[in-house]
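Structure first, then comments.
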Amino acid sequence: MKISGICGSLRKNSWNNILLKIVLNKIAKNKKINTEIINVSNFPLYNADIESIKTPEDVIQAKSKIQKSDLIIFSSPAYNGSYSGVMKNIVDWLSRSPQVLPDKNALVIGCTPGMSGTLLGYTHLNQLLFGLGVNVLSQPRILVSSINKKLDTDGNLIDEDLELLIEKSIETILDKITI
Numbered sequence: 136m137k138i139s140g141i142c143g144s145l146r147k148n149s150w151n152n153i154l155l156k157i158v159l160n161k162i163a164k165n166k167k168i169n170t171e172i173i174n175v176s177n178f179p180l181y182n183a184d185i186e187s188i189k190t191p192e193d194v195i196q197a198k199s200k201i202q203k204s205d206l207i208i209f210s211s212p213a214y215n216g217s218y219s220g221v222m223k224n225i226v227d228w229l230s231r232s233p234q235v236l237p238d239k240n241a242l243v244i245g246c247t248p249g250m251s252g253t254l255l256g257y258t259h260l261n262q263l264l265f266g267l268g269v270n271v272l273s274q275p276r277i278l279v280s281s282i283n284k285k286l287d288t289d290g291n292l293i294d295e296d297l298e299l300l301i302e303k304s305i306e307t308i309l310d311k312i313t314i
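Under the numbering used here, residues 136 to 314 are what the sequence shown spells out, in order.
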């Protein structure tokens, strides 16, 4: 089994990238499942003119990795009540031919240092992926508010409730996906 992650933030010390790493590392360590974060930081803004000349190599590589994955975890910050523009750009590229998203299992997670969490962004991204034929898991929900209070300065998880939520969520995820 292989589980891949995609982060919708390009910030160097992105909270969402840290959360994604925590989840994937727990899966790899506890369940001995192959995990990886797919690097999407060099995706250009989607442009049909670029695509008509040649699909960028980073996009081709990401699509190949997604094709080989049993589950994709999308981690996105909330910007202005929705998912990030970076995430939209990623999905735009991944939805182009050859299509790799239809029938893929996916989970949307997210975090924010604010109190409102990422529920609206989560809902919008779920709708987008569902519309593309992705099998989006509606549960569990790893949507974290005040993430800055749940990690130490090195990005290690220090919140026991969040740790328990992640561990229970991993069990649920693995029970739900069929290979």
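Where a beta carbon is used, it is the ideal one built from N, C-alpha and C, also for glycine.
Own chain partners of residue i with C-beta closer than 7 Å, once the 5 adjacent residues on each side are dropped
i, result
"Gly290", "Ile153"
"Leu286", "Ile153, Leu292 and Ile293"
"Cys142", "Ser149, Asn151, Asn152, Leu155, Ile172 and Ser210"
"Gly268", "Leu236, Pro237 and Asp238"
"Leu260", "Phe209, Ser211, Tyr218, Met222 and Val243"
"Ile301", "Ile157, Val158, Lys161 and Ile277"
Three-state class that DSSP yields for residue i in the structure shown
i, result
"Ile172", "strand"
"Lys137", "strand"
"Ile314", "Caution applies to Ile314, whose pLDDT of 48 falls short of 50 and renders its modelled position unreliable; the model cannot decide the point."
"Leu145", "coil"
Close-in-space but distant-in-sequence residues of the same chain around residue i (CB under 6 Å, 5 per side omitted)
i, result
"Asp227", "Tyr181"
"Gln196", "none"
"Ser139", "Glu171, Ile173, Lys200, Ser204 and Ile207"
"Val271", "Ala241, Asn261, Leu264 and Phe265"
"Asn169", "Lys137"
Classification of residue i by the beta-carbon crowding that lies within 10 angstroms, buried from 16 upward
i, result
"Ile314", "In this prediction, Ile314 has a pLDDT of 48, which is less than 50 and means its spatial position is unreliable; nothing more can be read from the coordinates."
"Pro212", "buried"
"Gly266", "exposed"
"Tyr220", "It should be noted that the sequence gives Gly, not Tyr, for residue 220. Exposed, because fewer than 16 other Cβ atoms sit within 10 Å of the Cβ of Gly220."
"Asn174", "exposed"
"Ile188", "exposed"
"Leu264", "buried"
"Gly256", "buried"
"Ser232", "exposed"
"Asn273", "As written in the sequence, residue 273 is Ser, which differs from the Asn given in the question. Exposed, because fewer than 16 other Cβ atoms sit within 10 Å of the Cβ of Ser273."
"Thr247", "buried"
"Leu229", "buried"
"Gly216", "exposed"
"Ser176", "exposed"
"Lys198", "buried"
Beta-bridge partners of residue i, as assigned by DSSP
i, result
"Ile244", "Ser210"
"Leu286", "Leu292"
"Tyr218", "Ala213"
"Val271", "Ala241"
"Leu154", "Per DSSP, none; premise fails for Leu154."
"Leu278", "Gly245"
Same chain, Cβ closer than 8 Å to residue i, five either side skipped, listed in chain order
i, result
"Ile305", "Val158, Lys161, Ile162, Asn165 and Lys166"
Indicate whether the contact test is met: 3 or more Cβ pairs, each with one atom in the segment 230–244 and one in the segment 206–220, closer than 8 Å. Pairwise C-beta distances place the segment 230–244 in contact with the segment 206–220, as three or more of them are shorter than 8 Å.
Is the segment 266–281 close to the segment 249–256, with three or more CB pairs under 8 Å? In short, these stretches touch, since the Cβ pair count reaches three.
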